[in-house]
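First the structure, in the form of structure tokens, and then the observations on it.
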């Protein structure tokens, strides 16, 4: 180690002058919205459109005169798909920037990394992503679909189109494990039988042996909540083996990151899914949304499920602030807990006061020519999985993520 | 390493005191804490690679192991003292076993690299596939890809309700880094440390001189892992959630980059390299013009090509050239020429 | 019965894909003792080159077998001239520099193509064995791997360039003394190695969803296969790919793909502990 008097003095001088620089310039008459998303790194396919959607929503709010007569200002951080940065920026947003609300987080791990910070600093937090369900915390609002909402709709439809014997291939993490259990439950409830369940870590990309295994089990239907780029290989290899026309496929995740636009029509057509949103949703609200998006960003191809969730999340928060007439956390939460609802591109979204999850429309869809064709819409589905374990009205101090026993 | 150990101690205390006073004026203590943790992690690899010549591609494995050990023990014990100690001992024990396997098998160079890399991959894959409810240690679910949230964080020994967090946690980490730095200095000044450097320079010669090269390398490897484990436990307390990405190759790569950029064969280099690059990464997150991975990669390539010795030795060299005349007597950082030889192949 | 045929094909496929994944790295390592950690990214770029070419309307086989190797070979050439050649003889430094390059290329690909998964579908239809359907493309990969090994063998044994290459491999100083410029030979080798990486990436592209970070999945396997193979180029490649491929598939079928991967890794640790110089450091000594 080398430090002598001369460079010690030099560095002291440098540090001293640096510390005299003004640290923050504050203007207090804006509302600060914090956003924390992976807009680079491996999850940016999810994060970038979410960021675009958030900015679109904020621009819209500001163009309409802002909230409480103030403009909304975005403070956004890119977590670079690194979970450690979530903790860091979460602290930054709440303690240094002192934002009024935080929207963001993509993976469940990223949500858990910042949820307690938001709770401790009393910053309302919106997590706008489809996830495994079970979070019970008065400070957080979640408007993505949960497994039960999807699976409850998807399984009976898919089984009616194929048969009773189901094989499940799930991503080996929290979401996949929980979703697989829900699928098993609803398969049994609909009089079917699960003939096999396999879990795959997110980096598995070779499914040749699995495809052989599935064939020896001989199911009527394969449900595949697989996640990410490596798992996309399954759908490709499945089609390449000529299995696509023999055993139908359904998924609760494929298409969330617009994967149906990557698969060719021959590989994708006919795969059954159930989500809150599809670009092919032919409603006035969605058409208007797509136009706005195209006007802002060129074309509307990038819009996906969780980008729309994020958009709806910002709108929900804005509506709550309007109704509360204040930015105070408890006033905003109280407004949300009135069962407030908004009309988003994907339909009506209602806050469930008991769980702080969302009651929303679930659309059963089929892939058709790189789009998601809406077959049937099930309006206003309740988040029954989280409702089974979480009641914030009775127990407002709750702060756990329940694992729902089925 | 000139001067005496007590001299070292005084310097470390003065510099630490000064930095603890000045740095929080510029950077939030929360961010500083993680820079300190990474600094300690950098130091752990800097010790075994820079002074022991052991290029470990899996230092992240010990970091992650320390962090996971802490979290699992903390959930089960509900108090942080024993878990902190375990978080140092478990990685050290693991490294001792792994090191014994490698060094007694006389594996070297690339082969060492492959084994450490493979072991890291195995741990990464294992931890990643533990999402199921059957993976439980005591009360702690391993959680797979989503990791472990919600464990007991650092408390004053004996009173689980008295949490150490925020600014005080920053001071704890800073003091711990100073202590570890001092211990590393003491180790390097001891005969053990000098023999380790001797082994790095010429393994055959040292073994012909009668030293048990294998045992000494194993021991040094374990010491490095212990420091990485401590850094892991501190990280766990800082982040309050652990995910398997701690074990990833990317994390290992970062540690190596810190050492290269900071300067191998110095104690300060890896610490500064780690803190500096981690802060750079933090700053880069606030812009989106250029992809951050690209910048990291470019930095590494440019350093290997143009500044293979790293920043600290280069700056020291520059200093020497610009202000060539050294004050007589207390020549603190006159570098030994031998030490500058790059550890290669 | 049908199932055992399917398993056999899957095993051959696993071995063949390991050979493909590792060959580029093996050529460069065997020849110049350079470990190219950007190898996975070279494969990734091969994949992107193929997909881009196919999207431009070029025949897929032409794109995979000609365009991708050429593009990646040229990138490799640039890398060799700009970076690697300054680092010959410094094994660890080349590893670090190429690690930096790998991050650089990931970043570059992200900026150009984005992180959205892309891909093309396989050009060969599925295939029935008794009651089982298998991926017809597996056979294509097996054939490519065999042709690749044969071509390498023929070139190294029966051509003048191969002779020079083998000579340089053994004693570069003697080759230089005989008037062959090691610099030029290294350059050519690196070009070939990169082209092979590009080929592997291209041929595997239709089977996977491609993202800029896809290379990471290959590099560890390729690295392990090459190091475990040991000093002989072709015998080493073949024996270690065979060993790891079979271990992987046996455990994959018996238990699960994860255990298959872990078994491969554990086998690598045990193998290197027992044979620290790799398989061909002990067996098939002096073979190619």
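Protein chains in written order, with the UniProt record's numbering: chain A, 1 to 406; chain B, 1 to 345; chain C, 1 to 288. Each residue gets a CB set at the ideal place from its N, CA and C atoms; glycine is no exception. Quick caveat: nothing in here was measured; it's all calculated off a predicted structure.
Using DSSP bridges, identify the partner residues of residue i.
i, result
"residue 34 of chain A", "A/75, A/102"
"residue 363 of chain A", "A/275, A/377"
"residue 351 of chain A", "A/358"
"residue 196 of chain A", "A/167"
"residue 370 of chain A", "Answer is none; residue 370 of chain A lacks a bridge partner."
"residue 59 of chain C", "Its beta-bridge partners do not exist; DSSP assigns none."
"residue 155 of chain B", "B/163"
"residue 133 of chain C", "C/128"
"residue 67 of chain A", "A/70"
"residue 141 of chain B", "B/136"
Below 8 Å on the Cβ atoms is my contact criterion, and I expect residue i with residue j to pass it. Report the Cβ-Cβ distance as a whole number of Å.
i, j, result
"residue 266 of chain C", "residue 230 of chain C", "Between residue 230 of chain C and residue 266 of chain C the Cβ distance is about 19 Å, and since that is not below 8 Å, they are no contact."
"residue 288 of chain A", "residue 150 of chain A", "Between residue 150 of chain A and residue 288 of chain A the Cβ distance is about 26 Å, and since that is not below 8 Å, they are no contact."
"residue 290 of chain B", "residue 268 of chain C", "Contact flag wrong, Cβ pair sits at about 37 Å."
"residue 103 of chain C", "residue 300 of chain B", "7 Å"
"residue 168 of chain A", "residue 223 of chain A", "5 Å"
"residue 312 of chain B", "residue 263 of chain B", "4 Å"
"residue 176 of chain A", "residue 93 of chain A", "Contact doesn't hold; Cβ gap of about 30 Å is too wide."
"residue 366 of chain A", "residue 271 of chain A", "7 Å"
"residue 31 of chain A", "residue 74 of chain A", "About 10 Å separates the two Cβ atoms, so there is no contact after all."
"residue 382 of chain A", "residue 352 of chain A", "7 Å"
"residue 154 of chain B", "residue 169 of chain B", "6 Å"
With residue i as the anchor, note down where its beta strand (DSSP E) starts and where it stops.
i, result
"residue 137 of chain A", "135-137"
"residue 343 of chain A", "341-344"
"residue 127 of chain A", "125-127"
"residue 251 of chain A", "249-251"
"residue 13 of chain C", "Taken as a continuous stretch (DSSP letters only), residue 13 of chain C belongs to no beta strand (DSSP E), being part of the alpha helix (DSSP H) at 2-32."
"residue 142 of chain A", "140-142"
Taking buried to mean at least 16 other C-beta atoms within 10 Å of its own C-beta, is residue i buried or exposed?
i, result
"residue 170 of chain C", "exposed"
"residue 174 of chain B", "buried"
"residue 181 of chain A", "buried"
"residue 330 of chain A", "exposed"
"residue 226 of chain A", "buried"
"residue 6 of chain C", "buried"
"residue 8 of chain B", "buried"
"residue 106 of chain B", "exposed"
"residue 25 of chain A", "Interpretation of residue 25 of chain A is limited by its pLDDT of 37, a score under 50 that renders its predicted location unreliable; no figure is taken from the coordinates."
"residue 104 of chain B", "exposed"
"residue 323 of chain B", "exposed"
"residue 157 of chain B", "exposed"
"residue 298 of chain A", "exposed"
"residue 146 of chain C", "exposed"
"residue 379 of chain A", "exposed"
Along the chain, where does the alpha helix (DSSP H) containing residue i start, and where does it finish?
i, result
"residue 115 of chain B", "109-128"
"residue 140 of chain C", "137-158"
"residue 221 of chain A", "Where residue 221 of chain A is concerned, there is no enclosing alpha helix (DSSP H), although the beta strand (DSSP E) it sits in stretches over 221-223."
"residue 218 of chain B", "213-239"
"residue 321 of chain C", "The displayed coordinates of chain C run from 1 to 288. Any statement about residue 321 of chain C would go beyond what the structure contains."
"residue 401 of chain A", "Careful: residue 401 of chain A lies outside any alpha helix (DSSP H), inside the beta strand (DSSP E) at 399-401."
"residue 202 of chain C", "182-204"
"residue 304 of chain C", "Shown here, chain C extends from 1 to 288; a query on residue 304 of chain C therefore has no answer."
"residue 68 of chain C", "68-82"
In chain D, which residues lie with their C-beta within 7 Å of the C-beta of residue i?
i, result
"residue 8 of chain C", "Included in the structure are the protein chains A, B and C, with no chain D among them."
For residue i, verify whether its CB is less than 6 Å away from any heavy atom of the ligand ADP.
i, result
"residue 199 of chain B", "Looking at this structure, you won't find the ligand ADP or any other ligand, since it has none at all."
Any C-beta of chain B within less than 7 Å: which residues of the segment 103-116 of chain A qualify? 108, 109, 112, 113, 116
Note down, in chain order, all residues in the segment 239-259 of chain A with a beta-carbon under 8 Å from any beta-carbon belonging to chain C. 239, 240, 241, 242, 243, 246, 257, 258, 259
Mind checking the segment 116-139 of chain B against chain C and listing, in chain order, the residues whose C-beta falls within less than 9 Å of any C-beta there? 117, 118, 119, 121, 122, 125, 126, 128, 129
Where the segment 138-162 of chain C meets chain A: residues whose CB sits under 9 Å from a CB there: 138
By the 7 Å beta-carbon criterion, what residues does the segment 164-195 of chain A contribute toward chain C? none
Residues of the segment 110-129 of chain C with Cβ closer than 9 Å to any Cβ of chain A, in chain order: 110, 114, 115, 116, 117, 118, 119, 120, 121, 122, 124, 125, 126, 127, 128
Which of the residues in the segment 52-85 of chain B, read from start to end, lie with their CB under 8 Å from any CB of chain A? none
Of all the residues that make up the segment 78-102 of chain A, which are near chain B by a beta-carbon distance shorter than 8 Å? 78, 79, 80, 82, 83, 84, 85, 87, 88, 89, 91, 92, 95, 96
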